[in-house]
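Quick notes on the structure that follows.
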Amino acid sequence: MSWLLLQHDLIVRGEFLLYEIAQIELAVVRPSSPSLPLPSPPPDRTTTTMTAMTAAANVCGQDREDANNRLI
């Protein structure tokens, strides 16, 4: 039972530290000076993944088509 309490305590402390780190990052990324532009958001990983999957499907489809042409 004490192991579960220890795990819970570590999780709560970890979440608090992540919150504190996020607050510091916001303070650094968004300075009070309005003359500095905000950084651009990271690229959308879903779009990148779908593009890679589409490219892979196109290559597989081309290989299948080439194989079918060789059989004919």
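Numbering (the numbering used here), first residue to last: 1035 to 1106. Glycine included, every Cβ here is placed at the ideal spot set by N, Cα and C.
- Leaving aside the five residues that flank residue 1042 on each side, none in its chain has a CB nearer than 8 angstroms to its CB.
- Rounded to whole angstroms, the gap between the alpha carbons of residue 1059 and residue 1044 is 22 angstroms.
- If you draw a straight line from the Cα of residue 1048 to the Cα of residue 1061, it comes to about 20 angstroms.
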